[in-house]
Amino acid sequence: MTHSLPLQYDVSLRNHNTFGVEARAHAYLPVTSAGALETVQRDAGLAALPRLILGGGSNILLTRDFPGLVLHMENRGIEIVGEDEDATYVRAAAGENWHQFVLWTLAHGLGGLENLSLIPGSVGAAPIQNIGAYGIELKDRFHALTLFDFATGERTTLNKAECMFGYRDSVFKHRLRDRAAVLDVTFALPKKWQAAIRYADVSNELAARKIVEPTAGQISDAVIAIRTRKLPDPAVIGNAGSFFKNPLVTAKQRDALLTKYPQLVSYAQPDGSVKLAAGWLIDQCGWKGRTAGAAGVYENQALVLVNRGGASGADIAQLANAIQEDVAQRFDVMLEPEPIFL
C-alpha cells in the first residue's frame, strides 16, 4: 500500500529517551494526528511490525535496538472542554509536555495538578504510569481519555474504572500494552480545591518560605524547588527520575523490619498495607553516589539511576539488578523498576 507518512528508517533514539542511551529504531514515525495511526493500521506491512508507542521517553530503558516501528506521539493542543458544579474539565493532547501542561492549568487559575509539577514526560504517558508525587496520583484528577486501538482500528474513550489504575500501573501496562495509543486525556480539576501538603518535604519547603495558607501556584513552586534539588536535569545527566517503585509490604513485615532498623521510613496506606521508601532502603545498602562504569546512582537521591556518559541500557539494567539483589538480601524486600525495559 502506498502512503504519504513521514517515515524514517534506522533512526537513533538517543534524543528520544531521557537516559540518553543509544539504541536504533528500524522505523520511526512522528505522530501529529490520529489519522497517521489509522494509516499505519491499514498498511499491512507497517501493521505487521512490532510497535513501540513513545512519548517523552522518560519511563523507558532501551537495552537494545528496536526491530519494529516507533510511533512518537507529537500531537498538541490544550483546551477547557466543560464544567459542572464540582470540576472544570481540561483536555490535553498526548504529545503535550506534562510539566508545561501543569503550568498551563495554573496560569488559567485551575488547581489540582500542582503536586505533579516537574515530572518528566508527556501527557499521553501520564495515565499509562498513573504518575504520582507528594500525595497526589494522576487517577485523583483523571476524567477520561481517548485512544486509538490497533486491534480494531477504532478510536475509543475510556473512563477511570476502565483504565484500571494502580500504583504506577494501568491497563496500558497489561492488556493494552503496545495495542493502543493514547490520543488525549481529560482531567477533572476540582472547584473546591484543597491544598495537599501532608508530605513533610512540601510542608517544610512552604514553612521555609513562611507560607501558611499556600495557593496552588505556591505549592507548584515548592515542588519544583524540591525536585530540582533532589533530581538531576535529564538534559545534563541522563536519568528517568525515580527508577524503583516504593515497595508495599504488610504491617507485620514493617513491624519486623522496625525492630532491626528503627530509622525505617514507611507510610501507612488506606488499605492497611505499608509503603516503604525505596530510596532509604537503597541508601542503607551503600549505593547512593556509587558508579558502575558509566552508570551510577545519583549522589543526591538514591532512587535515581543515572547515565554519566556513554552507558548502555544494558549497563543501567545490570546496575539496577545489583541494587535489587542487595536490597532483597538485606531487607527481604524486592524492588520493582518503574521504567519499562525494552
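Numbering-wise (this note's numbering), the sequence shown opens with residue 339 and increments by one.
All C-beta atoms in this analysis are idealised placements derived from N, C-alpha and C, irrespective of residue type, glycine included.
Is it true that the CB of residue j sits closer than 8 angstroms to the CB of residue i?
| i | j | result |
| --- | --- | --- |
| V642 | L569 | yes |
| N468 | F525 | no |
| H410 | L384 | no |
| V603 | N453 | no |
| R628 | V635 | yes |
| Y472 | Y537 | yes |
| S388 | P405 | First, the residue type needs correcting, since residue 388 is Pro and not Ser in the sequence shown. Their beta carbons are under 8 angstroms apart, which means P388 touches P405 by this criterion. |
| L444 | A563 | no |
| V378 | L390 | no |
| D487 | T495 | no |
| L399 | P677 | yes |
| S460 | G433 | yes |
| E412 | T356 | no |
| W618 | I661 | no |
| W436 | I416 | no |
| S558 | V644 | no |
| A633 | I620 | no |
| P552 | I575 | no |
| N584 | K613 | yes |
| R592 | C623 | no |
| L485 | A431 | no |
| P458 | G373 | no |
| T588 | S611 | yes |
Out of the options, which one is the CA nearest neighbour of residue i?
| i | options | result |
| --- | --- | --- |
| A616 | L673, H512, Y505 | L673 |
| L680 | A432, A652, F669, N659 | A652 |
| S350 | L343, T356, A482, A361 | A361 |
| G420 | L527, P552, N353, R668 | L527 |
| P465 | N577, P552, P344, V520 | V520 |
| H381 | G491, F480, P458, S580 | Checking the displayed sequence, the identity of residue 381 turns out to be Asp instead of His. With distances taken between Cα atoms, D381 lies closest to G491. |
| A365 | Q346, I418, S371, A425 | Q346 |
| D571 | G358, P344, L483 | G358 |
| N638 | P675, S342, S580 | S580 |
| A363 | D403, P344, S371, R352 | D403 |
| N577 | L375, A640, L476 | A640 |
| F480 | N584, V523, G394 | V523 |
| A425 | R517, A431, A489, Q532 | Q532 |
| L657 | I557, T401, A606, L614 | T401 |
| Y505 | R592, E475, N353, A386 | E475 |
| D478 | L451, A489, E500 | L451 |
| L375 | R429, G470, A489, K498 | A489 |
| D670 | Q601, A594, V540, G610 | A594 |
Between which two residues does the beta strand (DSSP E) containing residue i stretch?
| i | result |
| --- | --- |
| S558 | Per DSSP, S558 belongs to no beta strand (DSSP E); it is in the alpha helix (DSSP H), 554 to 568. |
| G617 | Note, G617: premise wrong, no beta strand (DSSP E); alpha helix (DSSP H) at 616 to 622. |
| I457 | Where I457 is concerned, there is no enclosing beta strand (DSSP E), given that its DSSP letter is neither H nor E. |
| E421 | 416 to 421 |
| Q346 | 346 to 350 |
| P528 | 518 to 528 |
| P405 | 404 to 411 |
| T426 | 425 to 431 |
| G395 | First-last for G395: undefined, no H or E at that position. |
| G634 | 633 to 635 |
Which class does residue i belong to by DSSP, given the choice of helix, strand or coil?
| i | result |
| --- | --- |
| K548 | coil |
| H364 | strand |
| F582 | strand |
| R493 | strand |
| S611 | coil |
| P572 | coil |
| M339 | Confidence in M339 is poor, its pLDDT being 44 and thus under 50, which makes the residue's placement too unreliable to answer from. |
| I466 | helix |
| V359 | coil |
| L476 | helix |
| L643 | strand |
| M672 | coil |
| H354 | helix |
| N638 | coil |
| G450 | coil |
| F488 | coil |
| L483 | strand |
| A533 | coil |
| A386 | coil |
Looking at the unbroken alpha helix (DSSP H) that takes in residue i, where does it start and where does it end?
| i | result |
| --- | --- |
| F669 | 651 to 669 |
| D593 | 589 to 598 |
| E375 | At residue 375 the sequence reads Leu, which differs from the Glu that was named. Segment 372 to 380, the alpha helix (DSSP H) holding L375. |
| T443 | 436 to 445 |
| A499 | 498 to 501 |
| A606 | Here A606 belongs to no alpha helix (DSSP H); instead the beta strand (DSSP E) covers 604 to 606. |
| I391 | Here I391 belongs to no alpha helix (DSSP H); instead the beta strand (DSSP E) covers 389 to 392. |
Check whether chain D comes within 8 angstroms of residue i, counting only Cβ atoms and requiring the distance to be less than that.
| i | result |
| --- | --- |
| S541 | Protein chains in the displayed structure number just one, and chain D is not present. |
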